[in-house]
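To get our numbering, take the position in the sequence shown, counting from 1, and add 10.
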Amino acid sequence: MEKYILGKKSVIEAFKSNRLKALYTKVVFPEVSDIKKKNIPVYFGNNKIFGTFNNVNHQNVIGVVDSKEKLFIEDIQEFLEIANNVSSKLTNKKIVLVLDEIQDAGNFGSIMRTSFGLGVKNLIFKKDNQVQINETVMKTSMGSYEQLNLLRVTNLSNTIEKLKDNGYWIVSSALNDDSIDISKQKLNFDKVAIIFGNENNGVSPNLLKKSDAIIKIPMEDNSVQSFNVSVSVGIILFYLLF
């Protein structure tokens, strides 16, 4: 069964990872010639496939990949084997992002793009009550989802326990009374998993209880209450890495 990916960057990443099966495009870009050299079908100009995605900004570039290709794994041990051998070029720390019921596809894709850009390539998300990897996520991530070590789980609580068993410190981002101002407290953990919560409800109470530390971002004007979750990921990773 085939699946569509949207946008030039997503198509290029799929091509680099040998997952691209066909390309529909209304524009010419440098990689098109490389794609044709690999005997991958390239269809130029208007095609009915573009009408399927009228409400999405596809940049006039749509790729076809095999949906059987694995975008994520569902085995914690397989995930950890990869995570324990992947470090950011900016730090020797092993960092895992944990997403607790993110609902907005744009946020999910932006988180992927931000974490990948900072060299944090390990990400855990839920199977239920969580937006899944769809066309909008792929497009917003600018193809970075292709390069991430992604784990999808049914139970985050159990997953957190397994991370702890493997030496990870658990840190949650939340605006609690006892939250630590991240600008005043350096997190000197070699292995750390950072939990970011739902856009409306934040991190689940049971996950907060399992956390070794709860951190917050300092704000000049608290009337805003909080940052967008994808913005929070960028700020906290910056503090953690630098």
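Cβ atoms here follow ideal geometry from the backbone N, Cα and C, with glycine treated the same way. Model, not experiment: these values are computed from the prediction.
In the DSSP assignment, F118 falls outside any beta strand (DSSP E) and within the unbroken alpha helix (DSSP H) covering A115 to G127.
The three-state reading of DSSP puts E12 in strand, counting E and B together. By the Cβ test, the stretch 172-180 is not in contact with the stretch 31-47, since fewer than three Cβ pairs between them sit closer than 8 Å.
7 Å or more divides the Cβ of K149 from the Cβ of G129. With a 10 Å radius around the Cβ and a threshold of 16 neighbouring Cβ atoms, S20 comes out buried. Beta-bridge partners of D76 (DSSP): E12.
For N132, the uninterrupted beta strand (DSSP E) run begins and ends at N132 to K136, by DSSP. A check of alpha carbon separations from F252 across G207, N238, F237 and L197 identifies L197 as the nearest. Contact between the stretch 106-120 and the stretch 133-141 is established, with three or more Cβ pairs separated by less than 8 Å. Of the candidates K131, L185 and Y155, K131 places its Cα closest to the Cα of A203. Take P228, set aside five residues on each side of it, and the residues of its chain with a beta-carbon closer than 6 Å to its own are D191 and S193, in chain order. With a cut-off of 8 Å on Cβ pairs, the stretch 22-34 is in contact with the stretch 47-61, counting three or more such pairs. Distance from D188 to I224 at the Cβ level is roughly 7 Å; contact confirmed, criterion being Cβ atoms closer than 8 Å. Residues I143 of the same chain have their beta carbon placed closer than 6 Å to that of L81, with the five preceding and five following residues left out of the count. Per DSSP, K46 is not a residue of any beta strand (DSSP E); the alpha helix (DSSP H) it occupies stretches across E41 to K47. The C-alpha of N159 is placed about 10 Å away from the C-alpha of E88. When rounded, the separation of the alpha-carbon atoms in G244 and L166 is 22 Å. Per DSSP, A32 is one residue of the beta strand (DSSP E) stretching across L30 to T35. For N159, the enclosing beta strand (DSSP E) covers residues N159 to V163.
Restricting attention to S240, V75 and G17, the CA atom closest to the CA of T124 is found in S240. Ranked by how close their Cα comes to the Cα of V75, the residues E84, E12 and T169 have E12 in first place.
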